[in-house]
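Reading through the structure tokens given below for one structure.
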Amino acid sequence: MRPLHHNLPAPRARAPRSAGSGVTPTVSTKRSGRTRDRTARRPLRLLLVAGARPNFMKIAPLLRELRARPDLFDPRLLHTGQHYDDLMSDVFFQ
2 MRPLHHNLPA PRARAPRSAG SGVTPTVSTK RSGRTRDRTA RRPLRLLLVA GARPNFMKIA
62 PLLRELRARP DLFDPRLLHT GQHYDDLMSD VFFQ
């Protein structure tokens, strides 16, 4: 069996960013053609997916920390229903 990566293009080089340039990066908005300050962004939406008890145990501390920073993150927890247990799920979905 041949490796799957043999036809991948080489990674493109990026221009280095200057940390002390004093210029605030902007993001173009295609709808209006205007730019907005990147520092005024909405919280990052994150979807955490869990289906079984071990997944919930690993995600719990991460979800707790993300929820403690609502200005930066908007985390959502998705239960796949795999190995569903009412008592365990009630702890996470109240």
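Throughout, the numbering used here is defined as the position within the sequence shown, counted from one, plus 1.
The beta carbon of each residue, even a glycine, is placed where N, CA and C say it ideally should be.
Identify which residue in the options has its Cα closest to the Cα of residue i.
i	options	result
R65	R54, A53 and L78	L78
L48	L67, R54, R42 and P55	L67
In whole angstroms, what separates the C-alpha of residue i from that of residue j?
i	j	result
A51	D72	24 Å
M58	P44	25 Å
P76	D86	22 Å
L63	L88	21 Å
A69	P55	22 Å
D91	R42	33 Å
DSSP state of residue i, grouped into three classes?
i	result
L64	helix
L73	coil
R13	coil
Assuming residue i and residue j form a contact by the criterion Cβ under 8 Å, report the distance between their Cβ atoms to the nearest whole angstrom.
i	j	result
A53	Q83	5 Å
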